[in-house]
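Worksheet for the structure shown next.
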Amino acid sequence: MSLDPLALYDLYARYGALIDAGEFDAWLGLFAAECSYHIMPRENWERGLPAGLVYCDSRAVLEDRIRALREANKYNIHTDRHLVGLPRTVGDDNGAALVEAPFAVFQTEKEGESRLFATGLYKDRIVAMTGELRFREKFVLLDTFAVPSLLATPL
Amino acid sequence: MSLDPLALYDLYARYGALIDAGEFDAWLGLFAAECSYHIMPRENWERGLPAGLVYCDSRAVLEDRIRALREANKYNIHTDRHLVGLPRTVGDDNGAALVEAPFAVFQTEKEGESRLFATGLYKDRIVAMTGELRFREKFVLLDTFAVPSLLATPL
Amino acid sequence: MSLDPLALYDLYARYGALIDAGEFDAWLGLFAAECSYHIMPRENWERGLPAGLVYCDSRAVLEDRIRALREANKYNIHTDRHLVGLPRTVGDDNGAALVEAPFAVFQTEKEGESRLFATGLYKDRIVAMTGELRFREKFVLLDTFAVPSLLATPL
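Chains as they are written, first to last, in my numbering: chain A, 22 to 176; chain B, 22 to 176; chain C, 22 to 176.
If you want it as structure tokens, here you go:
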């Protein structure tokens with residue numbers, strides 16, 4: 022499966038922008054009907070430990086999670102800013118493209134300080150559905166295990 | 022109005038690179054003859070308050086501002102490094118394309134420390150003039166109101 | 022010499038990703054058989070001083086350096102995350118394209134803290150070899166002279 026690079030760039034640009042804008046319904050629309058969303062620290066991934074910080078193995082669970090985040094977010098008011106590097110296709114598997122992209126997320130607290138929140142690598146499976154690219158699997162490999170326990174917005 | 026994505030990417034790459042290189046005349050050349058340049062903190066924008074940190078509503082005012090910045094810069098010696106995320110077209114209006122791109126600016130002081138200076142979102146209007154893309158409106162939405170008062174270089 | 026922008030984007034995406042993944046043999050494969058790799062702080066570059074932090078003027082020297090880094094890395098365990106901005110071609114010289122791209126490198130220490138490590142500008146010469154783009158010269162212009170003396174991985 023060979024993806025149009027420009028369509029891929031647009032998908033990742035929208036992915037980060039929709040989180041930062043708080044448009045979570047549109048963000049969910051970037052996922053396939055059957056999808057998963059994982060956040061895992063690098064330590065666990067390198068040791069083959071399955072435990073992740075966030076594990077949503079269906080779209081229903083991901084939608085629930087987003088609803089919960091919106092509630093939690095009322096008590097952790099901040100804004101996100103995603104910078105996603107150029108994605109690249111590294112292989113394919115069963116009709117899905119394996120795509121990787123580095124990212125950094127910056128957060129700004131109510132007091133006005135902007136700071137680095139997290140860096141990592143997206144390791145995703147992407148499918149084309151009726152001409153549009155969608156995430157079948159979103160795997161967020163975090164560079165650190167030491168993220169604040171309250172992940173109030175998706176990464 | 023539909024823009025060539027690669028021309029758009031090139032415009033944003035040049036926008037950041039020319040500031041970082043201190044090539045402000047070439048940077049001004051990225052703006053249309055009729056143009057505006059605003060910097061506004063997110064708080065004001067979300068509340069509909071018009072007050073911005075920088076407000077240039079014509080090219081003459083923007084050119085003046087750049088001249089003033091160059092003077093101020095003599096007393097605030099630093100270097101900038103812009104990282105601009107992938108821009109995406111989100112709509113169009115009256116022959117202009119509405120384009121958004123996230124950014125982070127890092128500054129390095131004379132003592133040699135590099136640090137995060139600001140993050141935000143460009144929300145721009147872009148027109149095609151004789152085959153070249155130009156900024157009709159540059160709107161810099163800053164994630165924080167707490168930037169140092171002396172903005173010695175454009176964002 | 023006119024490069025395909027998408028091939029150029031892919032080259033820079035791979036450049037950063039292969040360092041972050043520790044795949045240094047594949048990373049070396051992005052360089053031409055005759056190549057150089059320099060890291061120079063901005064101060065020296067602006068004053069025309071030739072002294073750099075790293076100076077490899079042949080592929081053999083670069084390969085040696087990478088071997089040494091791998092040894093040193095055992096005592097400075099960290100992970101890198103490169104964010105490379107959109108590259109742009111700024112000229113050409115003797116069959117090589119002159120290409121620039123801004124970058125930020127974040128590091129995560131064993132204790133789990135992710136932080137900004139360095140920012141700068143790649144100023145490279147790129148050639149096309151049997152259909153593939155390769156670095157003839159990689160010039161890493163660092164925004165600061167104050168990087169830790171132990172550069173345990175390439176920038």
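The C-beta atom is built at its ideal place from N, Cα and C for all residues, glycine as well.
Continuous alpha helix (DSSP H) stretch holding residue i: start and end
| i | result |
| --- | --- |
| A/Ala34 | 26-41 |
Spatially closest choice to residue i from the options, by CA coordinates
| i | options | result |
| --- | --- | --- |
| C/Thr100 | C/Gly106, C/Leu24, C/Glu158, C/Gly43 | C/Gly43 |
| B/Cys77 | B/Leu90, B/Asp85, B/Tyr58, B/Pro71 | B/Tyr58 |
| B/Glu158 | B/Thr140, B/Met150, B/Asp25, B/Lys144 | B/Lys144 |
| A/Arg63 | C/Asp41, C/Tyr33, C/Val82, C/Ile147 | C/Asp41 |
| A/Met150 | A/Phe124, A/Leu142, A/Leu51 | A/Leu51 |
| B/Ala53 | B/Glu84, B/Val75, B/Gly112 | B/Glu84 |
| A/Phe127 | A/Gly133, A/Glu121, A/Ala139, A/Val120 | A/Ala139 |
| B/Arg146 | B/Glu132, B/Gly133, B/Leu119, B/Leu137 | B/Leu119 |
| B/Thr110 | A/Pro175, A/Asp31, A/Leu176, A/Arg86 | A/Asp31 |
| A/Ala167 | A/Tyr36, A/Pro108, A/Leu27, A/Ile60 | A/Ile60 |
| B/Ser23 | B/Leu154, B/Ile87, B/Leu104 | B/Leu154 |
| A/Leu27 | A/Pro108, A/Leu137, A/Pro175 | A/Pro108 |
| A/Ser79 | A/Thr129, A/Val105, A/Leu49 | A/Leu49 |
| A/Thr129 | B/Glu130, B/Gly141, B/Pro123 | B/Gly141 |
| C/Arg91 | C/Val75, C/Glu67, C/Gly106, C/Phe45 | C/Phe45 |
| C/Val161 | C/Trp66, C/Arg86, C/Leu29 | C/Trp66 |
| C/Pro175 | C/Leu29, C/Ala81, C/Ala89 | C/Ala89 |
| A/Ala173 | A/Leu29, A/Tyr36, A/Val75, A/Val82 | A/Val75 |
| C/Ile87 | C/Asp114, C/Asn115, C/Leu39 | C/Leu39 |
Chain B residues whose Cβ lies nearer than 8 Å to that of residue i
| i | result |
| --- | --- |
| A/Phe127 | Ala125, Leu137, Thr140, Asp164 |
7 Å Cβ cut-off: residues of chain A touching residue i
| i | result |
| --- | --- |
| B/Pro175 | Within 7 Å Cβ-Cβ: nothing; B/Pro175 doesn't reach chain A, min ~18 Å. |
Where residue i meets chain C, residues with beta-carbon distance less than 8 Å
| i | result |
| --- | --- |
| B/Asp31 | Pro26, Leu107, Arg109 |
Within-8 Å CB hit, residue i to chain E
| i | result |
| --- | --- |
| B/Gly69 | Protein chains in the displayed structure are A, B and C, and chain E is not among them. |
Enclosing beta strand (DSSP E) for residue i [first to last residue]
| i | result |
| --- | --- |
| B/Lys144 | 135-150 |
| A/Leu104 | 99-105 |
| B/Pro123 | 117-130 |
Amino acids of chain A, ordered along the chain, whose beta-carbon sits closer than 9 Å to that of residue i
| i | result |
| --- | --- |
| B/Ala167 | Thr129, Glu132, Gly133, Glu134, Ser135 |
| B/Arg63 | Thr100, Thr129 |
Buried or exposed by the 16-neighbour rule on C-beta atoms within 10 Å, applied to residue i
| i | result |
| --- | --- |
| A/Pro71 | exposed |
| B/Glu55 | exposed |
| C/Val148 | buried |
| A/Ala34 | buried |
| C/Ser135 | buried |
| C/Ala117 | buried |
| A/Glu132 | exposed |
| C/Gly152 | exposed |
| C/Glu121 | buried |
| B/Asp25 | exposed |
| A/Gly69 | exposed |
| C/Gly112 | exposed |
| B/Ala47 | exposed |
| C/Arg102 | buried |
| A/Ala125 | buried |
| C/Asp164 | buried |
Neighbour list for residue i in chain B, Cβ cutoff strictly below 9 Å
| i | result |
| --- | --- |
| A/Arg88 | None at all; the shortest Cβ gap to chain B is about 22 Å. |
| A/Ala54 | Simply none; closest approach about 24 Å. |
Under 7 Å by beta carbon: chain C residues contacting residue i
| i | result |
| --- | --- |
| A/Leu104 | Leu104 |
| B/Arg35 | Arg109 |
Within chain A, the residues that residue i reaches when beta carbons sit closer than 8 Å
| i | result |
| --- | --- |
| C/Asp41 | Pro123, Leu142 |
| C/Ala118 | Per Cβ cutoff of 8 Å: no residues; C/Ala118 is ~18 Å from chain A at best. |
Neighbour list for residue i in chain C, Cβ cutoff strictly below 9 Å
| i | result |
| --- | --- |
| B/Ala72 | Result: empty, since nearest Cβ-Cβ is about 31 Å, beyond 9 Å. |
Pick out the complete beta strand (DSSP E) segments inside the stretch 152-176 of chain C, 3 residues or longer, and give them in chain order.
-> Qualifying beta strand (DSSP E) stretches, in chain order: 153-163.
Which runs of the alpha helix (DSSP H), 4 residues or longer, sit entirely within the stretch 40-95 of chain C?
-> Counting only runs of 4 or more, we get 45-49, 63-67, 80-94.
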